[in-house]
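For reference, the structure discussed in these notes is given below.
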Amino acid sequence: MAAEQPRESAEAEATLQREAQAWVVRLGSHQATQEDAQAFRLWCAQSRAHATAFTQAREVWKAMAPAALHVRRQEQRGADGRMPVAGRRALLGGAVAASVAYLAVSPPLGLWASVTEWGADYRTGTGEQREVAMADGAVLQMNTQTRVNLQPGTGGGEGIELLAGEAEVLTGASAVARVTVSAAGGTVSAMRARFNIRNLDGEVCVTCLSGQVEVARGERQVRLDEGRQLRYGSAGLGTAAPVDTGPVSAWRRRQLVFNEVPLAEVVAEVNRYRHGRLVLTSEALGRSRVQASFSIDRLDDVAFLVRDVYGAELTQLPGGIVLLGLAKA
Numbered sequence: 282m283a284a285e286q287p288r289e290s291a292e293a294e295a296t297l298q299r300e301a302q303a304w305v306v307r308l309g310s311h312q313a314t315q316e317d318a319q320a321f322r323l324w325c326a327q328s329r330a331h332a333t334a335f336t337q338a339r340e341v342w343k344a345m346a347p348a349a350l351h352v353r354r355q356e357q358r359g360a361d362g363r364m365p366v367a368g369r370r371a372l373l374g375g376a377v378a379a380s381v382a383y384l385a386v387s388p389p390l391g392l393w394a395s396v397t398e399w400g401a402d403y404r405t406g407t408g409e410q411r412e413v414a415m416a417d418g419a420v421l422q423m424n425t426q427t428r429v430n431l432q433p434g435t436g437g438g439e440g441i442e443l444l445a446g447e448a449e450v451l452t453g454a455s456a457v458a459r460v461t462v463s464a465a466g467g468t469v470s471a472m473r474a475r476f477n478i479r480n481l482d483g484e485v486c487v488t489c490l491s492g493q494v495e496v497a498r499g500e501r502q503v504r505l506d507e508g509r510q511l512r513y514g515s516a517g518l519g520t521a522a523p524v525d526t527g528p529v530s531a532w533r534r535r536q537l538v539f540n541e542v543p544l545a546e547v548v549a550e551v552n553r554y555r556h557g558r559l560v561l562t563s564e565a566l567g568r569s570r571v572q573a574s575f576s577i578d579r580l581d582d583v584a585f586l587v588r589d590v591y592g593a594e595l596t597q598l599p600g601g602i603v604l605l606g607l608a609k610a
C-alpha cells in the first residue's frame with residue numbers, strides 16, 4: 282500500500298496540472314463568462330495546492346509575456362501581408378501560445394492585471410492608498426487597485442492617464458494651467474477644483490467635489506459643477522446629475538458608505554479592497570438593499586454582517602474566499 286502512495290500523489294499532481302492548463306485555454310478562448318470566472322476562483326479555493334498552482338501559472342504567464350507579445354506583433358504583421366515568424370509559435374506551444382498571448386495582454390473578467398499595466402508609473406495594491414504630489418502643486422490621491430501614468434498635459438499643465446482604479450485630484454489653488462486626466466477614451470480637466478474619477482472595466486464615473494471640471498469624449502463636452510456626477514463608457518457620454526458626494530469620497534477617510542445599494546454592488550465594491558473574495562451564490566440575496574458603512578480596515582466583518590442581518594449561509598474557503606447564499610429552509 283505504501284508503494285502506491287507516490288504513484289497516487291504523482292497522478293493527483295498531474296491531474297491538477299492538466300486542470301490548470303485547461304483553465305489557461307478556457308480563459309484564453311475569448312469566450313469566458315462571469316460564471317467561468319466564479320468557477321475558476323472556486324477551483325483555486327479548493328485547496329492550498331490549487332491556489333498555489335494558480336499562483337505558479339500566473340508567474341509563468343508573466344515570464345512568457347514578452348514572447349507572447351512578440352507573437353501578437355508577428356500575427357499583426359502577417360495580417361498586413363508580411364511573412365510571420367513561425368518558429369516562435371512552435372516554441373510557445375500551439376494553442377497554449379495563443380492563450381498566453383491573450384491572457385497576458387487582455388486578462389479576462391479582471392482576474393489579474395494586464396501586462397500593459399505592469400509598467401504603470403504609479404500603482405496601488407489591494408486595500409492600499411497612495412498620495413502623489415505633482416509638479417505644479419496638484420495632488421493625486423490613489424485608491425485601491427489603481428494604476429496611473431503621468432504625462433505632459435495640454436497648455437503646459439500636468440497630464441494623468443488613469444489606466445484602472447480610482448483617484449481624487451486636487452488642483453493647486455494658484456494653478457495657471459489645467460490638470461488633465463485621460464481614461465477610457467475620455468478626458469477630464471480642471472484648473473482650480475477637486476474631483477473624483479473612477480475607471481472600472483472601461484466604465485468611467487466623474488464626480489465634481491468642488492469648483493468646476495470639464496468632461497469630454499468624442500465630440501461632446503460637459504461642464505460639471507460642485508455636487509454633480511457624470512458617467513461615460515462604450516455607450517458614450519452620459520448626462521450630469523446631482524449626487525451625494527459623501528459616499529463618493531468616503532474612501533479618503535478609509536470608509537465605505539452605502540445608501541440603499543443592492544448587496545451585489547456592495548460585494549463588488551468590497552472585493553476591490555480585501556484580499557480573497559466574497560462570492561454571492563444567490564441572485565435573490567444580491568438584490569437585498571444595504572444601508573451601512575464599513576471601515577476599509579475591517580472588511581472581513583462584512584460577510585458576518587450579511588449572515589446576521591440577511592440570514593445568509595456563510596461558507597469560508599481557503600485563500601480568503603467566502604461564499605454567501607440563502608440559508609436552506
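Per the working numbering, the very first residue in the sequence shown carries number 282; after that it's consecutive.
Backbone N, C-alpha and C fix where the C-beta goes; we use that ideal spot for every residue, glycine too.
Please read all numbers here as calculations on a predicted model, not as lab measurements.
Exercise. Taking one C-beta from the stretch 404-417 and one from the stretch 548-564 each time, how about it: are there three or more such pairs within less than 8 angstroms?
Worked result: yes
Problem set entry | Cut-off 6 angstroms between Cβ atoms - residues of its own chain near Arg-475, not counting five sequence neighbours on either side | Leu-451, Leu-490 and Ser-491
Exercise. Under the DSSP definition of a beta bridge, which residues are partnered with Thr-405?
Worked result: Note: Thr-405 sits in no beta bridge, so no partner.
Exercise. So Ala-465 packs on Gly-483, CB below 8 angstroms; how close in whole Å?
Worked result: 5 angstroms
Exercise. Can you tell which of Gly-606, Arg-479 and Ile-478 has the C-alpha that lies nearest to the C-alpha of Val-590?
Worked result: Gly-606
For this session: Look at the alpha carbon of Val-460 and the alpha carbon of Gly-467, and state the distance between them as a whole number of angstroms.
Result: 14 angstroms
For this session: For Gln-614, count neighbouring Cβ atoms within 10 angstroms of its own Cβ and tell me buried if that reaches 16, exposed if not.
Result: Since the displayed the chain opens at 282 and closes at 610, residue 614 lies outside it and no answer follows.
Problem set entry | CA nearest to the CA of Glu-447, picked from Asp-417, Gly-508 and Trp-532 | Trp-532
For this session: Return the first residue and the last residue of the beta strand (DSSP E) that Ser-576 is part of.
Result: 570-576
Exercise. Under a Cβ-count criterion, where at least 16 other Cβ atoms within 10 Å of its own Cβ denotes burial, should Thr-427 be classed as buried or exposed?
Worked result: buried
For this session: Let me know the secondary structure DSSP gives Glu-500 once reduced to three states.
Result: coil
Exercise. Using DSSP with H/G/I as helix, E/B as strand and the rest coil, what is Gln-297?
Worked result: It should be noted that the sequence gives Leu, not Gln, for residue 297. Leu-297 falls in the helix class under three-state DSSP.
For this session: Reducing DSSP to helix, strand and coil, say where Tyr-513 ends up.
Result: strand
Exercise. Ends of the alpha helix (DSSP H) at Thr-526?
Worked result: 526-530
Problem set entry | Assigned secondary structure, Ser-290 (DSSP; H/G/I helix, E/B strand, else coil) | helix
Problem set entry | Simplified DSSP state of Ala-458, which is helix, strand or coil | coil
Exercise. Distance, Cα to Cα, Val-547 vs Ala-291?
Worked result: 42 angstroms
Exercise. Do Val-496 and Val-469 come within 8 angstroms of each other at the CB atom, strictly closer than that value?
Worked result: yes
Exercise. When the distance is taken between beta carbons, is Leu-566 closer than 8 angstroms to Ala-584?
Worked result: no
Exercise. Got a sec? Which residues, its chain only, sit under 6 angstroms from Val-603 by beta carbon, not counting five neighbours each side?
Worked result: Leu-559, Ala-584 and Gln-597
Problem set entry | Minimum C-alpha distance to Tyr-403 - residue among Glu-442, Gly-418, Ala-419 and Asp-417 | Glu-442
For this session: From the DSSP output, in three-state form, read off Arg-475 for me.
Result: strand
Exercise. Who does Leu-444 pair with in a DSSP beta bridge?
Worked result: None, per the DSSP bridge assignment.
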